[in-house]
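A short write-up of the structure that comes next.
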Amino acid sequence: MDIIGIIQEGVVKGVEALYGASIAGDSVSMNATRSEFEGDFTVVVFPYTKMARKKPEDIGQELGQFMLDTVPQVSKFNVIKGFLNLVIDDSFWQQFLLETVKDSDQFGIGAANGKKVMVEYSSPNTNKPLHLGHIRNILLGWSAYKILQAAGYEVVRTQIVNDRGIAICKSMLAWQRFGEGETPASSGIKGDHFVGKFYVKFEQAFQEEYKAWQASDQGQAIFTEKAKEEQGEAAFFKAYKNTYFNEYSEIGQAARAMLIQWEAGDEETVKLWKQMNEWVYEGFNTTYENLGVAFDKLYYESDTYLLGKSTIAAGMEKDVFYKKEDGSVWIDLTDAKLDHKIVLRKDGTSVYLTQDIGTAQLRYQDFGVERMIYVVADEQNYHFQVLFETMKRLGEPYADGLYHLNYGMVDLPTGKMKSREGTVVDADDLMAEVIAEAEAASKDSSEISSFTEEQRKDIFRKIGLAALKFHIIKVQPQKRMVFDPKESVDLQGQTGPYIQYSYVRINGVGKRAEREGVSWEQAKDYVSLEPAERDLLRNLYQFPALIQEAAADLDPSSIANFCYALAKSYSKFWHDVSIFDAEESAKAFRLLLSKVVGSVLKNGMDLLGIEMPERM
RNA sequence: GGUCCCGUAGCUCAGCUGGAUAGAGCAACUGACUUCUAAUCAGUAGGUCACAGGUUCGAAUCCUGUCGGGAUCACCA
């Protein structure tokens, strides 16, 4: 039994014995003791004043004495106001360390629970490269995968690739018109950036065309006819852009024609589409690889965009859906505080929601997962509410296991990222920048100067990416965050590299212990723990429960904060006590403690997708 | 306008299943390297936890309202 449970049980028995009242174990309010007081755990005794009809101080004294007498792990106590601070005996921590160190690599990793879960954590469009927003998405998803796995789940990692639609047609058309046979290889541009370049070219060409049209007789006539009173010319044409694209634009019409040809399976169009997507995938794969993430299964929208229709037909019979006079099919979710939502157009074609219904079913057929987690930005909260509610009504067996891990948008210090205004931070550029920063900051490190070029590059990559990833993932997913590029490359303070540094120190003492041949046996003779040591042990002790909690909440930021707290605690320990100058039992104990801290830091950071260097 | 999310130090963030004097980092200032890596540590300064009510022995945390920021309310994906 864990120490929290032992204490709670002690309190339950104490309240029973002293005051004749029965309370539930998990109702016992407990916290870690604040650092300014002596103790490891604190029991709040205010709740027992009524049943005891005594002052909180007296209850604390009585309960404390009872715990001291009956719970062997409690070695001391003190009472301040209504707070009973319990000191856990050194032998308990001692034993905990000696147990843990036997298999420190596996410490905290939960046993397989036989449950299967799918995490979808990337859903890129294939018309442009990945940016900072995708990075947050991918890091969260990757970490969720790692955490779920550590908690005992079997996890299938997937992405849905939005490889069809008007956007990619725009890139295709622009390439046809302006590309002059250029390829990523011939131009030396990474494939996804290459295709993105033509997407931008399309937009430019469209804007030019639109500008010219605005000045034309037809454009002016439309403005005079349709503009609302008080609406200026600029405002009108801004609002009219989509209509223009659909009804008047030559290049817009050409792009739409291309989409229709694609849907009809036109050979040449499909060939070009495949070629452009291939280029994009090459680029994406490089980015994913640099970020250190991978997938087990890819789903393509071009394969799934027609799915779901048969389900709608089946759902009609169960009255999940209803048909309007015009032939379109809807679902009424007003009783779930949602609205009516269309699932099939009057021409029988499917919409976004329909595709997602079909895709979920396909995934269940493919893998039999009982949970599916979608890592998608919070702008789609409503869509997922509708999707999940629909799946429930369809009676899908996994419907209760559907979960939208939503996250807030990433802002820049200058405001929102807007692709139209060119303020989007490119994923590849950003990674290159943080790695370059790590290199620049390592200039005067004598440690690194002796390394080979290859080793150095590896270390800079690990440090730079740790800075970037930690900076993003330490923020709770649901919160909108401000991403300051300057802060993201910080290597000091509450950062990834700070944690790496603690690990590297531990690695250093481990190496020295190996050289000097320290005898671990004597660790069991070390009896009087220093505050810094107890603090580390308390931190370590939480790790297994934290993994389960992080998996239940799908919250990687809690792991990030834990890793930082542990590293900070170790830094304090490093300064407060000496390892190799200490007597033999203390030396052995501290080395074992360091070893476990090192393992937990490494495993904890791995849960965030962050690698540790051995030296830095 | 309806619904949902957010508002904590100058800045970036913790803390939110109610518990002690609300914590870190950055930025500023002071001190500590002949010592296991100073990418470190210790200290100073910085707060009406948006505001107003309510519940409670006790509220940053729960409830209601107000204000501010954001998202969404497409036969787009």
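Take any residue in the first sequence, count from 1 to its spot, add 6: that is its number in this note's numbering.
The C-beta atom is built at its ideal place from N, Cα and C for all residues, glycine as well.
Asked: Pairwise C-alpha distance: residue 55 and residue 99; Found: 32 Å
Asked: Unbroken beta strand (DSSP E) run spanning residue 412, endpoints; Found: 408 to 413
Asked: Sequence-distant residues of the same chain with beta carbon closer than 6 Å to residue 519, five excluded per side; Found: 597
Asked: Within 8 Å, strictly: CB atoms of residue 381 and residue 147; Found: yes
Asked: Neighbour-count burial assignment, residue 458, 16 or more Cβ in a 10 Å radius; Found: exposed
Asked: Where residue 47 falls: helix, strand or coil (DSSP); Found: strand
Asked: Expected contact under 8 Å - CB spacing of residue 126 and residue 164 to nearest Å; Found: 5 Å
Asked: Those residues which DSSP pairs with residue 424 across a bridge; Found: In the DSSP output, where bridge partners are listed per residue, residue 424 has none listed.
Asked: Beta-carbon proximity list for residue 346, same chain, < 6 Å, skipping 5 on both sides; Found: 336, 338
Asked: Beta strand (DSSP E) segment containing residue 183, residue limits; Found: Unbroken run through residue 183 is the alpha helix (DSSP H), 172 to 184; no beta strand (DSSP E).
Asked: Three-state secondary structure (DSSP) of residue 81; Found: strand
Asked: Endpoints, the beta strand (DSSP E) within which residue 163 is located; Found: 160 to 167
Asked: C-alpha distance - residue 447 paired with residue 512, whole-angstrom precision; Found: 22 Å
Asked: Boundaries of the beta strand (DSSP E) in which residue 329 is found, first to last residue; Found: 327 to 329
Asked: Under the three-state DSSP convention, the category residue 583 falls into; Found: coil
Asked: Simplified DSSP state of residue 622, which is helix, strand or coil; Found: coil
Asked: Selected residue, minimal CA-CA separation from residue 416, among 607, 424, 410; Found: 424
Asked: For residue 553, the three-state DSSP class (helix, strand or coil); Found: helix
Asked: Best match in 539, 565, 261, 595 for proximity to residue 581 [C-alpha to C-alpha]; Found: 539
Asked: Nearest-angstrom Cα separation, counted from residue 350 out to residue 252; Found: 22 Å
Asked: Residues bridged to residue 126 [DSSP beta-bridge criterion]; Found: 164, 380
Asked: Cβ-based burial, residue 157 [other Cβ within 10 Å; buried from 16]; Found: buried
Asked: Residue span of the beta strand (DSSP E) that contains residue 37, given as start and end; Found: 36 to 38
Asked: Residue 312 classed as buried or exposed, judged by whether at least 16 other C-beta atoms fall within 10 angstroms; Found: exposed
Asked: Same chain, Cβ closer than 8 Å to residue 247, five either side skipped, listed in chain order; Found: 216
Asked: Same chain, Cβ closer than 6 Å to residue 242, neighbours up to 5 away in sequence not counted; Found: 229, 233
Asked: Beta-carbon spacing of residue 489, residue 532 below 8 Å; Found: no
Asked: Residues of its chain near residue 77, where Cβ-Cβ distance is below 6 Å and the 5 sequence neighbours each way are ignored; Found: 16
Asked: Local conformation of residue 9 per DSSP, three classes; Found: helix
Asked: Terminal residues of the alpha helix (DSSP H) in which residue 266 lies; Found: 256 to 269
Asked: Residue span of the alpha helix (DSSP H) that contains residue 418, given as start and end; Found: That residue, residue 418, is in no alpha helix (DSSP H); its beta strand (DSSP E) goes 416 to 418.
Asked: Proximal residues to residue 443 (C-beta, below 7 Å), its chain only, five neighbours per side dropped; Found: 470, 495
Asked: Residue interval of the beta strand (DSSP E) (run including residue 337); Found: 335 to 338
Asked: Local Cβ density within 10 Å of residue 371, reported as buried at 16 or more and exposed below that; Found: exposed
Asked: Contiguous alpha helix (DSSP H) assignments of at least 4 residues, all confined to the region 529 to 575; Found: 537 to 559
Asked: Three-state secondary structure (DSSP) of residue 92; Found: strand
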